[in-house]
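Visitor: Quick one: this structure, given as structure tokens, is what I'll be asking you about.
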Amino acid sequence: MHLAASPVLTADDAAVRLHEVLPRGARVAGALWMLPFCRVSARGPVGVTRVDILAASLGDPRLHNVRLPDVDLMPFGEVALPEHRLLPRTADDALIRARARTVKFEAESIDRLIHYPFWRISIAAAGRRSAAWVDAVEGSITVHDLSATAAGPSKTNGVALIAMASAAMAAAEIGLGGATAAVTAAIAAVGLAGGLTLVLAGGVRAGRPVAPPGRRA
Amino acid sequence: MSGPVAGPMEARLGRCLKCDEKVKVKPDRRATGCSGCGLTLVNAPGVEGLAPMVIPRVTREAAWEALLAERGLAGRPGGVTLRSARLLLVPFWRWCDASMQSVSRRGLVVSAADLLSAGLPSITRRRRRLAGLEVESLSRVGDAMGRLTPDEEAALDAEIVDVTEGPDGADPAETLAAGLRDGVGWSLLYYPIWSFRYLADGVQCLHTVDAATGHPVGTARRVRGGVPAMTIAAMVLSAFLAGRPVIGATAALPAFLIGVIAWFVAVRMLKRPR
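Protein chains in written order, with the numbering used here: chain A, 1 to 217; chain B, 1001 to 1274.
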């Protein structure tokens, strides 16, 4: 039996689910995919239960075994869908069983094929691109590789270092006229650099609310 | 985009997408050799025809060591937990033009699947190079692609990633059906990538390594800031020394502004997956 779930969340709603880990100034764009899952009756550590196994190969192992939310499933042809990309089932029974085994379940029967809507969110921030998956029904399943701190050199630290270096050079130049003036100038320069750092650091924080797609957060 | 359905152990007759030779392959085999061109072909579910592949040359252990070294995690066995390591056969489209084929000239290869969420950025017409990935150079000629022995073909344990992207936004099924006309068109090929999922200092990471060369790819590559930082320091000092004879200590201000602009540009370039 081939069933499907109807998407409820918009791309904006899905992006909001990621707001705690999105970098500041991130641009996001969403595309709706209908991913194929096989609902499997499987024997696991606590007895027989149902497991939903991805029936395609997208290269991301975190999508292989998900617990799809309990939602109303309808025959595939009866579901009204907005613009979307439909992925056909490409995984055979052997691969489905192998994926179930990776989470310590032994598949007893492969019951049905379910096409479930997911938003694929493309994220561009500070010249770096990444992607995340968010289920389009409840937003309870999120798959991403984002973290609260951006990898790589920090703009704030770099600006602070350059400010202190410039201030130190100015202080040294002024200091040629007298030791006291040099010390005073150096203290003022360091204070200026520190204040600049605090001003800039105040604007750099993870967890900013996500703006609608296409606009900076 | 569905291929012919075969019985459990019934061999199916496929067509080599490189030389058009008919090849028999069993459904449970991921790879087989072509008797026409000699290349190793991938038996991809849902793909009509058998596309050639670049063979993996790097073991899982060597790829893992290379990734640890790149991320600065080597020598910290307690802080790193490997969750899973999988060999992926990732599809790519290569533009073929028999009249312009060259061993030395760089050709056009674009991604046929989007693995950005798995740490492998896509190659597009605008972004043709990805640091660490040698798919273009190793798929230029058959000798560079390599060949698996029959035993290696039987033992190949790899996940074949689905073709979900067409070149320039085209439908992948239509592109595959169009094939080559008089030696011109888009040709499908598969490239091996090691995908590692691990915990490092409590942070879950998903990174990829080129399985033909052993180089970490995409988001796995560490951002290298030493040379840009030295360059920016030299620019700031030079700006100060140039302005000092004219405006004295105030030269620190333009030096600071030049340094900040250069630093922002450097950060943007360093964080981009080249």
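Ideal Cβ placement from N, Cα and C applies to all residues, glycine included.
1. Mind listing, in chain order, the continuous beta strand (DSSP E) runs of no fewer than 3 residues lying wholly within the stretch 1095-1172 of chain B?
2. Go to residue 4 (chain A), then tell me how far its beta strand (DSSP E) extends in each direction, as first and last residue.
3. CB-CB under 7 Å to residue 1019 (chain B), same chain, minus the five flanking residues each way: which ones, in chain order?
4. Taking residue 1089 (chain B) and residue 1053 (chain B) to be in contact with their CB atoms under 8 Å, please state how far apart those CB atoms are, rounded to whole angstroms.
5. With distance defined between alpha-carbon atoms, name the residue in B:1214, B:1259 and B:1247 nearest to residue 1231 (chain B).
6. Closer than 8 Å, CB to CB, is residue 280 (chain A) near chain B or not?
7. Using three-state DSSP, classify residue 75 (chain A) as helix, strand or coil.
8. What three-state label does DSSP hand residue 141 (chain A) in the structure shown?
9. Closer than 8 Å, Cβ to any Cβ of chain A: which residues of the stretch 1117-1148 of chain B, in chain order?
10. Suppose the cutoff is 7 Å on Cβ atoms and the five residues either side in sequence are ignored; what does the same chain contact list for residue 10 (chain A) look like?
11. Which bits of chain B does residue 112 (chain A) rub up against, with CB to CB less than 7 Å?
12. Checking 8 Å against the spacing of the C-beta atoms, do residue 1195 (chain B) and residue 1086 (chain B) come in under that value?
13. Restricting to Cα atoms, I'd like to know which of B:1021, B:1040, B:1189 and B:1010 is closest to residue 1153 (chain B).
14. Going by CA-CA distance only, name the one from B:1057, B:1016 and B:1201 that's closest to residue 1210 (chain B).
15. Which chain B residues sit within Cβ distance under 8 Å of residue 162 (chain A)?
16. Using a Cβ cut-off of 8 Å (strictly closer), state whether residue 1094 (chain B) contacts chain A.
17. In chain order, what residues of the stretch 50-79 of chain A put their CB closer than 7 Å to some CB of chain B?
18. How would you write the range of the alpha helix (DSSP H) that residue 15 (chain A) sits in, first residue to last?
19. Once the 5 residues before and after residue 151 (chain A) are set aside, which same chain residues still bring their CB inside 8 Å of it?
20. Looking at the strands, I want to know which residues DSSP matches up with residue 1208 (chain B).
21. Please name the residue, chosen from B:1093, B:1059 and B:1219, that lies closest to residue 1158 (chain B) on a Cα-to-Cα basis.
22. If we define contact as Cβ-Cβ less than 8 Å, is residue 90 (chain A) a contact residue for chain B?
23. In terms of residues, what are the limits of the alpha helix (DSSP H) holding residue 1040 (chain B)?
24. Go ahead and pull the three-state DSSP assignment for residue 31 (chain A).
25. Counting C-beta neighbours from all protein chains within 10 Å, is the total for residue 1183 (chain B) 16 or more, i.e. buried, or is it exposed?
26. Take residue 219 (chain A) and list the residues in its own chain whose beta-carbon comes closer than 6 Å to its own, dropping the five residues that flank it on each side.
27. If you measure between the beta carbons of residue 1030 (chain B) and residue 1138 (chain B), is that distance less than 8 Å?
28. For residue 1185 (chain B), name the three-state secondary structure that DSSP assigns.
29. Residues in its own chain within less than 7 Å of residue 49 (chain A) by CB, not counting five upstream and five downstream?
30. Would you kindly check if the distance between the Cβ of residue 1256 (chain B) and the Cβ of residue 163 (chain A) is under 8 Å?
31. Scan the stretch 1026-1056 of chain B for residues whose Cβ lies nearer than 7 Å to a Cβ of chain A and list them as they occur along the chain.
32. Strictly below 9 Å CB to CB, what residues from chain A border residue 1088 (chain B)?
33. Looking at C-alpha atoms only, which residue of B:1116, B:1252, B:1082 and B:1149 is the closest neighbour of residue 170 (chain A)?
34. Quick one, are the C-beta atoms of residue 1201 (chain B) and residue 1079 (chain B) less than 8 Å apart?
35. Looking at the structure shown, is residue 150 (chain A) part of a helix, part of a strand, or coil, going by DSSP?
36. Under a CB-based cut-off of 8 Å, is residue 1211 (chain B) close to chain A?
Guide: The relevant details are as follows:
1. Runs of the beta strand (DSSP E) inside the stretch 1095-1172 of chain B: 1109-1111.
2. For the purposes of this step, residue 4 (chain A) is taken as residue 4 along the first sequence, with counting starting at 1. In the DSSP annotation of this structure, the continuous segment of the beta strand (DSSP E) that includes residue 4 (chain A) starts and ends at 2-4.
3. Residue mapping note: residue 1019 (chain B) aligns to position 19 of the second sequence, counting from 1. Contacts found: 1034, 1036 and 1037.
4. What you label residue 1089 (chain B) is simply residue 89 of the second sequence in a count that begins at 1. What you label residue 1053 (chain B) is simply residue 53 of the second sequence in a count that begins at 1. Residue 1089 (chain B) to residue 1053 (chain B), Cβ: 6 Å. Contact.
5. By 1-based counting over the second sequence, the position of residue 1231 (chain B) is 231. Of the candidates B:1214, B:1259 and B:1247, the one whose C-alpha sits nearest the C-alpha of residue 1231 (chain B) is B:1259.
6. Coverage of chain A is limited to positions 1 through 217, which leaves residue 280 (chain A) absent and any answer about it impossible.
7. As a working mapping, residue 75 (chain A) is identified with position 75 in the first sequence. Strand at residue 75 (chain A).
8. Taking the first residue of the first sequence as position 1, residue 141 (chain A) is located at position 141. In this structure, residue 141 (chain A) counts as coil in the three-state DSSP scheme.
9. Those residues of the stretch 1117-1148 of chain B that come within reach of chain A (Cβ to Cβ, closer than 8 Å) are 1117, 1118, 1119, 1120 and 1121.
10. Taking the first sequence and counting its residues from 1, the one referred to as residue 10 (chain A) is at position 10. Nothing meets the Cβ criterion.
11. To locate residue 112 (chain A), count along the first sequence from 1; it is residue 112. Going along chain B, no residue has its Cβ under 7 Å from residue 112 (chain A), so there is no contact; the nearest lies around 19 Å.
12. Your numbering for residue 1195 (chain B) matches position 195 in the second sequence. Your numbering for residue 1086 (chain B) matches position 86 in the second sequence. Closer than 8 Å, so yes.
13. Counted from its first residue, the second sequence places residue 1153 (chain B) at position 153. Ranking B:1021, B:1040, B:1189 and B:1010 by CA distance to the CA of residue 1153 (chain B) puts B:1040 first.
14. As a working note, residue 1210 (chain B) is residue 210 in the second sequence. Per the C-alpha coordinates, the member of B:1057, B:1016 and B:1201 positioned closest to residue 1210 (chain B) is B:1057.
15. On the first sequence, residue 162 (chain A) is found 162 positions in, with the first residue counted as 1. Within chain B, 1232, 1236, 1256, 1259, 1260 and 1263 have C-beta atoms less than 8 Å from the C-beta of residue 162 (chain A), given in sequence order.
16. Position 94 of the second sequence, counted from the first residue, corresponds to residue 1094 (chain B). Contact with chain A is absent for residue 1094 (chain B), since none of that chain's Cβ atoms lies less than 8 Å from the residue's Cβ.
17. Flagged, chain order: 56, 57, 58, 59, 60 and 61.
18. Locating residue 15 (chain A) in the first sequence gives position 15, counting from the first residue. Taken as a continuous stretch (DSSP letters only), the alpha helix (DSSP H) holding residue 15 (chain A) covers 11-16.
19. Numbered from 1 along the first sequence, position 151 holds the residue referred to as residue 151 (chain A). Annotation note: pLDDT 49 at residue 151 (chain A) (below 50); position unreliable, coordinate value reported separately. Closer than 8 Å at Cβ, skipping near neighbours: 128.
20. Here residue 1208 (chain B) refers to the residue found at position 208 when the second sequence is read from its first residue. Answer is B:1195 and B:1217.
21. On the second sequence, residue 1158 (chain B) is found 158 positions in, with the first residue counted as 1. The closest CA to that of residue 1158 (chain B), considering only B:1093, B:1059 and B:1219, is found on B:1059.
22. Position 90 of the first sequence holds residue 90 (chain A). Yes, contact with chain B.
23. Counting from one through the second sequence, the residue named residue 1040 (chain B) turns up at place 40. Unbroken run through residue 1040 (chain B) is the beta strand (DSSP E), 1040-1042; no alpha helix (DSSP H).
24. As a first step, residue 31 (chain A) must be located in the first sequence, where it is residue number 31. Residue 31 (chain A) falls in the strand class under three-state DSSP.
25. If you number the second sequence from 1, residue 1183 (chain B) lands on position 183. Exposed.
26. Given that chain A is displayed from residue 1 to residue 217, the structure contains no residue 219 (chain A) and the question cannot be resolved.
27. Taking the second sequence and counting its residues from 1, one reaches residue 1030 (chain B) at position 30. Taking the second sequence and counting its residues from 1, one reaches residue 1138 (chain B) at position 138. Contact: no.
28. The count along the second sequence starts at 1 and reaches residue 1185 (chain B) at position 185. Residue 1185 (chain B): strand per DSSP, three-state reduction.
29. The residue given as residue 49 (chain A) occupies position 49 in the first sequence. For residue 49 (chain A), the CB contacts under 7 Å within the same chain, skipping 5 residues up- and downstream, are 42 in chain order.
30. Translated into positions along the first sequence, residue 163 (chain A) becomes position 163. Translated into positions along the second sequence, residue 1256 (chain B) becomes position 256. Contact annotation: residue 163 (chain A) and residue 1256 (chain B) have beta-carbon atoms nearer than 8 Å.
31. Identification of residues in the stretch 1026-1056 of chain B having a C-beta nearer than 7 Å to some C-beta of chain A yields 1045 and 1046, given in sequence order.
32. As a working note, residue 1088 (chain B) is residue 88 in the second sequence. Those are 57 and 59, listed as they occur along chain A.
33. If you number the first sequence from 1, residue 170 (chain A) lands on position 170. Measuring from the Cα of residue 170 (chain A), the nearest candidate turns out to be B:1252.
34. Here residue 1201 (chain B) corresponds to residue number 201 of the second sequence, with the count starting at 1. Here residue 1079 (chain B) corresponds to residue number 79 of the second sequence, with the count starting at 1. With contacts defined by Cβ atoms closer than 8 Å, residue 1201 (chain B) and residue 1079 (chain B) form a contacting pair.
35. The sequence position of residue 150 (chain A) within the first sequence is 150, counting from 1. Confidence is the limiting factor: at residue 150 (chain A) the pLDDT is only 41, short of 50, which leaves the residue's position unreliable, though a coordinate-based value still follows. Here residue 150 (chain A) sits in coil by DSSP.
36. Along the second sequence, one-based indexing puts residue 1211 (chain B) at 211. Output row for residue 1211 (chain B): interface = no.
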